[in-house]
Amino acid sequence: MASRKEQKAAARERLRQEMERRKRRTRRNRIIGLAAGVLVLALIATGGVLVYQKQQRDEAEAKAKQRAAIKARTPDKIDKDGLSVPVGDPDAPVTLTVYEDFRCPACKQFEAAYGKSINKLVKEGKLKVKYRLVTIIDANVGGNGSKVAGNAALCANEVGQFQKLHTGLFASQPPEDQDLFTAQNVLMLSSQIKGLGDDPKFQKCVKKDQFRKWLPKVEKEFTKRFPQPSTPSLILDDKVMFGGEQREMASEMATPQQFEKTVNQRAKAAS
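The working numbering runs 63 ahead of the 1-based position in the sequence shown.
Below, the structure written as C-alpha cells:
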C-alpha cells in the first residue's frame, strides 16, 4: 500500500496533468477562434471586393449605354442627306456644299471672303448651303476643339441659331495649335448671341456633347469623297470647286464677285 507521501505526490501529478490538458484545450480553442475570425474577415473582405467589383461593372455598363445612346443620337434638324446642316430655301436652284472645321484657319478666311455673298444669295432664294462639319484639325494637330465647336453648332441648329453661332465661332477662332474651343468657352461666346446663350435646350446640348459622337459619320463620308482631305472643301451643285485634287479655286468661284455671277446665271437659267 502506497504511503501517504506517495499518495500526495500522485495527486499532485494528476493535478499537474489536468492543468496541462486545460492549457492545451485553451490554446486549441484560441487558435480555432482566431482562424474562424480570420475566415470571417476574409469572407467579409471578399464580399466587399465582390460588391465593389459589381458596382464598378454596373457603372461601366451604365456609361457604355450612355455613350451608345449619344452615338446613336442624330440631330433632328439635319438635312435629308443625313450629313449636312441646311441653310436657305430647300427649293433654291443652286446648292453649295461646304466641308469646314471651326479650327481651320483657311475656313475662317473663306468665311471672311465669301460669307457676305453666301448670305446675300441665300436671302434672295437663289442659293441653299449644306454645311458639313468635320474635325480634321483635331485629328492632325490634337485636341477636341473641332468636335466641341462642331457639336455646339449642331446644338445651335436645333434651336434655329446655326448661322449666328457659325459666324461667332469663326470670328473668335483661336490659333490652330491652341485647343481653346471648350464647352465653357463656347457657352461664354454664345452668351453674347441674343436668343442663344440663355436657351436651356442649347446649353444642355453643349454640356452633354449631345451630337459629338455623330460627327464621325460626316468625317467618314468626307474622307471617302476626298482621299486627301483638306478644309475647306467646296462643291457647287455637283462640281468640286476646291478640295481634294482641286488645289486652286475653280473659275466659277475664283472671287466672291464671280461666285455671285455664277449663282445668278444658274438661278436665271433654272427659272
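Here a beta-carbon is modelled for each residue, glycine too, at the ideal position from N, C-alpha and C.
Asked                                                                                                                                                               : Found
In chain order, what residues of the same chain have a beta carbon less than 6 Å from the beta carbon of LEU184, not counting five sequence neighbours either side? : LEU190 and VAL326
Could you tell me whether the segment 289-300 touches the segment 234-244, where touching means 3 or more Cβ pairs closer than 8 Å?                                 : no
What do you reckon, are the CB atoms on LEU278 and LEU196 nearer than 8 Å?                                                                                          : yes
Please list the segments of the alpha helix (DSSP H) lying wholly inside the segment 137-220, counting only runs of 4 or more residues, in order along the chain.   : 168-186 and 199-204
Classify ASP154 as buried or exposed, calling it buried when 16 or more other Cβ atoms lie within 10 Å of its own Cβ.                                               : exposed
SER254 to GLN247, Cα distance in whole Å?                                                                                                                           : 11 Å
Please report the distance separating the alpha-carbon of CYS90 from that of ASP121.                                                                                : It should be pointed out that residue 90 corresponds to Arg in this sequence rather than to Cys. Taking the straight line joining both Cα atoms gives about 46 Å.
Using the Cβ count rule (16 or more neighbours within 10 Å means buried), how would you classify PRO292?                                                            : buried
How many Å lie between VAL303 and GLN119 at the Cα?                                                                                                                 : 51 Å
How would you label MET251, buried or exposed, when you count the other beta carbons within 10 angstroms and need 16 or more for buried?                            : exposed
Pairing CB atoms from the segment 218-225 with CB atoms from the segment 164-176, are three or more of them under 8 Å?                                              : no
Rounded to whole angstroms, how far is the Cβ of VAL192 from the Cβ of LEU159, which I believe are closer than 8 Å?                                                 : 5 Å
Taking the Cβ atom as the reference point for each residue, do GLU239 and ARG166 lie within a distance shorter than 8 Å?                                            : yes
Can you give the beta carbon distance from ARG329 to PRO156, rounded, assuming they're within the 8 Å contact cut?                                                  : 6 Å
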